[in-house]
DNA sequence: AGGTTAGCATACCCATGGGTATTGGATACT
DNA sequence: AGTATCCAATACCCATGGGTATGCTAACCT
């Protein structure tokens, strides 16, 4: 059964091999961490073997580096794309907050990978360089968005750069807290936390229990 | 030289053996991470061999668990102790902020360990339980401190629990950011970020460039 | 078609380090 | 003192998995 087959099986394009390996690596590193991810598992998850990995990457470290750079670029692109779509200030902020909160709770892979990156950045200079660049770019994107709101007349309790740092770090901190203690840090709580800080920084009095006015 | 010695070398008390191993393990896990820490290195750093480790702990996982619990208790004690010493509200806040900022930049071991704990909590239920408990206790301690300020008449833009969550997560986020990008997140920046958020949440106008009054 | 190359599969190597079994000497007990 | 016990040192085991060398076949060349 399934005996001889008609001729040669077509070969997977190198580009796709690389993409599938990278994608499998992202899942593996996020789920098991760098050390506990096995190259053979990653390769099989992508439908190949270790040979494919060493044919497309220099080794485990290099594969991790490729994952890091790929995600870094993706993150920055997402951020930059989001800046454009701003509507009414209040609504835009509320929507963004909701989106951020949902991504934290519904896409744990992202947070896990971020933690893995951060942990390795602590010890490896190469990783630190890339992660540092990514973080700076993210903060700058946030700062840019904040500046636009400021230009529209929203008062700020701090300059855009500091405001961006605050929002960025608060978001990361909330993400970490959710991962460590999902039960007491849910989507709604994250929304409230971000909303409260933004409201306070924008010198907008906290919502008076019901809709204002 | 150093030839025969007078008789038996006294044996190190078991309590001290355990303490020294634990302390060496803290340093190792913080510096190299769990996976890249070798039991033999830890043992030698403490002045013993692997035998001492397996005599005092169940194995590598158990040693990590012991480190986690020990640090968890220490963190909670520190937090609780700090609550007592509040003087003038404004000064107390400024002092606390300065202390937190300095600890982040001057004691990287703490942040690194926190990251390691968080990363493992993501995948291991046991670790997640302990880390979750620790985090909740920390937030409650902060909430308690916030409540005291609120009782003294400091207005709050959010309830103490949410305020504590915000401050706690912002602190952790800033710590992570400092580790990943020490150059652009220094002590002063951390102080400003924390100060700005506290000022905003307490509905206190931001410092007017120079001393107020 | 025959030959060459490119690229993944397969088989193998071996350093690493967690875990275990055993030993040896100090402490406690009688 | 003699004996039992405790506890860390030592020696050893071996599963693991990153890395490498080789094989094999599809795609490319001419």
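Protein chains in written order, with the working numbering: chain A, 930 to 1142; chain B, 930 to 1142. Quick reminder that beta carbons are idealized off the backbone N, C-alpha and C, glycines included.
Can you have a look at residue i and say buried or exposed, based on whether 16 or more other CB atoms are within 10 angstroms of its CB?
i                       : result
residue 1055 of chain B : exposed
residue 1030 of chain A : buried
residue 1036 of chain B : exposed
residue 944 of chain A  : exposed
residue 1104 of chain B : buried
residue 909 of chain B  : Absent from the structure is residue 909 of chain B, since the part of chain B shown begins at 930 and ends at 1142.
residue 1080 of chain A : exposed
residue 938 of chain A  : exposed
residue 1107 of chain A : buried
residue 1010 of chain A : exposed
residue 972 of chain B  : buried
residue 949 of chain B  : buried
residue 975 of chain B  : buried
residue 1045 of chain A : buried
residue 940 of chain A  : exposed
residue 980 of chain A  : exposed
residue 987 of chain B  : exposed
residue 1003 of chain B : exposed
residue 1112 of chain B : exposed
residue 1043 of chain B : buried
So which residues of chain B does residue i contact, with C-beta pairs closer than 8 Å?
i                       : result
residue 1076 of chain A : In chain order: nothing, as chain B lies at least about 16 Å away.
residue 1050 of chain A : 1108, 1109
residue 994 of chain A  : In chain order: nothing, as chain B lies at least about 16 Å away.
residue 1064 of chain A : 1106, 1109, 1110
Starting from the C-beta of residue i, find all residues in its chain whose C-beta is less than 8 Å away, skip the five residues before and the five after it, and write them out in chain order.
i                       : result
residue 1137 of chain A : Residue placement at residue 1137 of chain A is flagged as unreliable, the pLDDT there being 39, under the threshold of 50; the coordinate-derived value follows with that caveat. Here the set comprises nothing.
residue 1126 of chain A : 1095, 1096, 1099
residue 1084 of chain B : 1131, 1132
residue 1114 of chain A : 1103, 1106, 1107
residue 1012 of chain B : 1070, 1073, 1074, 1077
residue 998 of chain A  : 1059
residue 1064 of chain B : 1097
residue 1122 of chain A : 1099, 1103
residue 1008 of chain B : 1066, 1067, 1070, 1071
Could you name the residues of chain A that residue i contacts, counting a contact when the two beta carbons are closer than 9 Å?
i                       : result
residue 1126 of chain B : 1086, 1087, 1095, 1099, 1126, 1129, 1130
residue 1045 of chain B : 1048, 1051
Quick one: list the residues of chain A neighbouring residue i, beta-carbon separation under 7 Å, in chain order.
i                       : result
residue 1091 of chain B : 1121, 1122, 1125
residue 1041 of chain B : 1051
Quick one: measure Cβ to Cβ for residue i and residue j, integer angstroms, because I've assumed they're closer than 8 Å.
i                       : j                       : result
residue 1109 of chain B : residue 1026 of chain A : At roughly 24 Å, the Cβ-Cβ gap does not stay under 8 Å, so residue 1109 of chain B and residue 1026 of chain A are not in contact.
residue 1070 of chain B : residue 1119 of chain B : Incorrect: roughly 20 Å between the Cβ atoms, too far for contact.
residue 1128 of chain A : residue 1086 of chain B : 7 Å
residue 946 of chain A  : residue 977 of chain A  : 7 Å
residue 1052 of chain A : residue 961 of chain B  : 7 Å
Return the chain-ordered list of same chain residues with a C-beta closer than 6 Å to the C-beta of residue i, the five sequence neighbours on each side being excluded.
i                       : result
residue 1075 of chain B : 1089, 1092, 1093
residue 1072 of chain B : 1089, 1090, 1093
residue 1019 of chain A : none
residue 1057 of chain B : 1050
residue 1041 of chain A : 959
residue 1062 of chain B : none
Leaving out the 5 sequence neighbours to the left and right, which residues in its chain are closer than 7 Å to residue i when beta-carbon positions are compared?
i                       : result
residue 996 of chain B  : 951, 954, 955, 958
residue 1116 of chain A : 1030, 1031, 1034
residue 1068 of chain B : 1093, 1094, 1097
residue 993 of chain B  : 958, 963
residue 1124 of chain A : 1026
residue 984 of chain B  : none
residue 1139 of chain B : Since pLDDT at residue 1139 of chain B reaches only 42, below the 50 mark, its modelled position is unreliable, and no value is offered.
residue 968 of chain A  : 979, 982, 989
Interface residues of chain B around residue i at Cβ under 7 Å?
i                       : result
residue 1083 of chain A : Neighbours of residue 1083 of chain A on chain B: none; closest Cβ ~13 Å, over 7 Å.
residue 1060 of chain A : 1109
Whose Cβ in chain B lies nearer than 9 Å to the Cβ of residue i?
i                       : result
residue 1057 of chain A : 1108, 1109, 1110, 1111
Please name the residues in the stretch 1095 to 1121 of chain A whose beta-carbon is closer than 8 Å to at least one beta-carbon of chain B, in chain order. 1095, 1097, 1098, 1099, 1100, 1101, 1102, 1103, 1105, 1106, 1108, 1109, 1110, 1112, 1113, 1114, 1118, 1121
Interface positions of the stretch 962 to 979 of chain A facing chain B (Cβ-Cβ less than 9 Å), listed along the chain
For the stretch 962 to 979 of chain A, the set of residues with a beta-carbon nearer than 9 Å to any beta-carbon of chain B comprises 962, 963, 964, 965, in chain order.
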